[in-house]
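Structure first, commentary second.
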Amino acid sequence: MEFESDEAAKEFYIAYATRLGFCVRMNKSRRSRKDDTVIMRRFVCTKEGFHSKRVIYDDGKKKRKRTTAREGCMAMIEVVKKDPHGRWYVSKLVTEHTHHVPAFLMQSQSQLQGKVNDGDDNNNNNASISFGGAYLKSCSGNSNKVVRVNPFGEGGEAHGLLEYLKGRQASSPGFFYAVQVDNNSCVNNVFWADAKARMAYSHFGDAVTFDTTYKKTKYMMPFACFRGVNHHLQSVNFGCCLLMDETKGSYIWLFETWLSAMGGSHPPLLITDRDKHMEGAISKVFPNTSHKFCQSHILSRCKHKLSEAYLTHASLKSDLKGCVTGSASVEEFETRWEHFLSKYNLWDNAWLYLLYQIRYNWVNVYQKVSFFPDRFVSQRQESLNKFFKRNFNAKTSLMVFINCFDQDMASRREKEAEADFTTIYTKPILKSPSPIEKQAAEVYTRAVFDIFQEEFVQSLGYYVDKVEGDDQVESDDRFTRYTVAREEEGSVIGPLNFVSINTDDVQSRASCTCSMLEYSGILCRHMIRVFFTVGVRTLPQEYIFTRWTKYATTSNTDSNGLFSLNEGDRISEEAQQGAPDWERMVGRYNELCRDGVRFGIEGSVSQELYKVAKSALERAFAEVLNETDVQRKEQQLQQQQHSMSRLARVQKMQQQHQHSTSMPRLKVALPKFQLKKTPAARVALQEDTATK
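So the sequence shown is residues 7 to 698, counted in my numbering.
This is how it looks when you write it as structure tokens:
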């Protein structure tokens, strides 16, 4: 193979790499000793070689986390200039890669789950209309009967919203929406969720936040959304709604509709603002769900509820936040809370008294046993609030806002796709030769691994002591208790933590008093340090939560039991016997989409798997088309048989009718009529006879 120039060879190899799914960089070049012109170029895969070892100095400065994509790949092409006319020839070529070659940049994927039902709620005598089953009307005529102003009546916004929802569902059958109207046919509430939001819930629905804090528009309708945290620690949407009023009836309708859209799977944890109407609706719709209050929303009201003390004491808010989020134990929280009340003389404040009464629902130290990934993304959630403040004001029309929201969701999903690519295609720089750190880098996403690596590095500064004798407080003798503490110059710094572990069976879940594993799903520095002490060389699967791994969106099963949608959650045909035909069709469509997403992700890992998956998909599609053709022919045959049977019955009826009309008449001899022979008649008869 020859090229006109080295630049042409470079363009050719880049095009070749693009088709296969890897990137190229220039590795070497050589110049002529005669005229110093370039006579050799070598282009390699970006994963060629290894990252150079660097000395890391602990100077106290915060360093940017860097990653590396190099892992010793040998794929390359080398071209040399031998022709005096300037032509370049291939001297070396290696096509094999030492890594998987992604077939394409993976977009953010999730799965559809469950069947879609109509909302049947009749609270407050309101009708529930799912899938656009009714025509929306503005409030017109009989104005004396209308208690409030219809928010959708201005400028045809109701019709614009309905057309938008219909269009989204027409383009994606997995799109779900529901509209609630009142007795005057005015729109009360609207909910919608696209297919990706419903798929995301099936993967990351173990902790859901419902937020209604956004500013109201000129329509007096707050925008609210359900959201969670994905495996890249990014905020992910689970559905949106527009609420006309924040009453218990509206919340019940909304929660039941959202639950129907999400396949009937209740969230283990639901985080909301404090609202008595919302609390009543949650207790009815989600009786087994753990309900917590949004901590950031409560702390944001500090300025309003403690205005006098807030203005005179600049440190009040930081002290309150430190007490709520920085306490390591219940005893420490109680002590710091009392100190806070005494310092600012707030013992008689009714708002703080109420917060203390509900402390189990919002203070960190009381929520350690609950999985709470929202703690990692508080700053990321604030960016969502800024978006609404920027795009939602008194002059914003409804459809303009919805279009802006769709663009923002598309941007967020693109960032998720970029995070997927970074996680799969690059490797983080390890800070030790430990197999535990290497294992974590291979299974966790990049964002989660950064947290784990920080805990791993910090664990090196802790000391472990085994608890002996009477201090062994564990009721189970199989477990051994260790104290883990950080020491400097012989004194303990920070809290003293206790780790309990069964050294005979590390598969049994160990525990730490900091409870980081329970509320975050990530090992704490104390447990990592104890693992080093007892000789654990690799992390058991019991300590790796599937929802934080690279494969969170390719499997429905979470071995840790925190959250899973398994085969038992699929909707069987028997369970859908009483459902309408269209509803059963949507359920089957959702299950096929779920299987298709998993098939696509697994089959795109490498070029070889892509070929296998593509071939299998073509065979399966051919079988589906063949079966469709067979069913069509059988249906046509049945229709023909039915038509022939009907025609035969008609012909028989016609023949019977013709037989009845063409039947010959029977001739019956009638008796002759004879005149009575009176004298006059005899004379007349005689005269007649004489004449003849």
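Just so you know, even glycine gets a beta-carbon here, dropped at the ideal spot from N, CA and C. Small disclaimer: the values here were computed from a predicted structure and weren't measured.
Where HIS103 is concerned, there is no enclosing beta strand (DSSP E), because DSSP gives it neither an H nor an E. Between ALA199 and PHE261 a beta carbon distance of about 13 angstroms is seen, past the 8 angstroms cut, so the two are scored as non-contacting. Within 10 angstroms of the beta-carbon of LYS34 lie fewer than 16 other beta-carbons, which makes it exposed. Taking each of VAL96, PHE18, CYS51 in turn and checking the Cα distance to ILE45, the smallest one comes out for VAL96.
8 angstroms or more divides the Cβ of LYS202 from the Cβ of ARG487. DSSP places GLN373 in the coil class of the three-state scheme, outside both helix and strand. Pairing TYR431 with PRO439, the inter-Cα distance amounts to about 21 angstroms. Beta-bridge annotation (DSSP): ILE83 is paired with PHE49, LEU99. The shortest CA-to-CA distance from GLY234 to any of ASP212, GLU252, LYS254 is the one to ASP212. Close CB contacts of PRO441 within its chain, under the 8 angstroms cut and outside five residues either way in sequence, are with ARG543, THR544 (chain order). By alpha-carbon distance to PHE538, the top candidate from GLU474, LEU502, SER465 is SER465. Secondary structure of TRP94 (DSSP, three-state): strand. Per DSSP, the beta bridge partners of HIS297 are LEU276.
Per DSSP, ASP471 is not a residue of any alpha helix (DSSP H); the beta strand (DSSP E) it occupies stretches across 468-472.
With fewer than 16 neighbouring CB atoms inside 10 Å of its own CB, ASP471 falls in the exposed class. Less than 8 angstroms separates the beta-carbon of LEU239 from that of ALA453.
CYS520 sits in coil when the DSSP states are folded into three classes, being neither helix nor strand.
Measuring C-alpha to C-alpha distances from PHE9 to each of ARG594, ARG47, GLU474, GLY286 identifies ARG47 as the nearest. Excluding the 5 residues flanking it on each side, ALA558 has same chain C-beta neighbours closer than 7 angstroms at HIS209, HIS237, THR552, in chain order. In the DSSP annotation of this structure, the continuous segment of the beta strand (DSSP E) that includes TRP198 starts and ends at 193-199.
In this structure, the CA atom of MET82 is about 24 angstroms from the CA atom of ILE435. Put simply, the segment 520-535 touches the segment 367-375. At least three CB pairs are less than 8 angstroms apart. Counting only the Cα atoms, SER610 lies some 8 angstroms from ALA619.
Nearest in C-alpha terms to GLU474, of all of TYR468, PHE485, GLY467, is PHE485.
Taking a 10 Å sphere around the C-beta of PRO228, we find 16 or more other C-beta atoms and assign the residue as buried. GLY180 counts as buried, since at least 16 other C-beta atoms from the protein chains shown sit within 10 angstroms of its C-beta. Nearest C-alpha to GLY602 among GLN613, THR429, THR519, ALA622: ALA622.
When the five nearest sequence neighbours on each side are left out, the beta carbons in the same chain lying within less than 8 angstroms of the beta carbon of TRP554 are those of HIS237, TYR450, THR451, VAL454, GLY527, ILE528, in order along the chain. Around the beta carbon of TYR257, 16 or more other beta carbons sit within 10 angstroms, so the residue counts as buried. ARG638 counts as exposed, since fewer than 16 other C-beta atoms from the protein chains shown sit within 10 angstroms of its C-beta. Ranked by how close their Cα comes to the Cα of LYS282, the residues HIS272, THR253, HIS303 have THR253 in first place.
Our two residues, SER313 and LYS323, have alpha carbons roughly 11 angstroms apart in a direct line. Take GLY92, set aside five residues on each side of it, and the residues of its chain with a beta-carbon closer than 8 angstroms to its own are GLU10, SER11, in chain order.
Secondary structure at ASN503: strand, using DSSP grouped into helix, strand and coil.
Closest option to ASN409, judged by alpha-carbon separation, among GLY606, THR104, GLY166, LEU275: GLY166.
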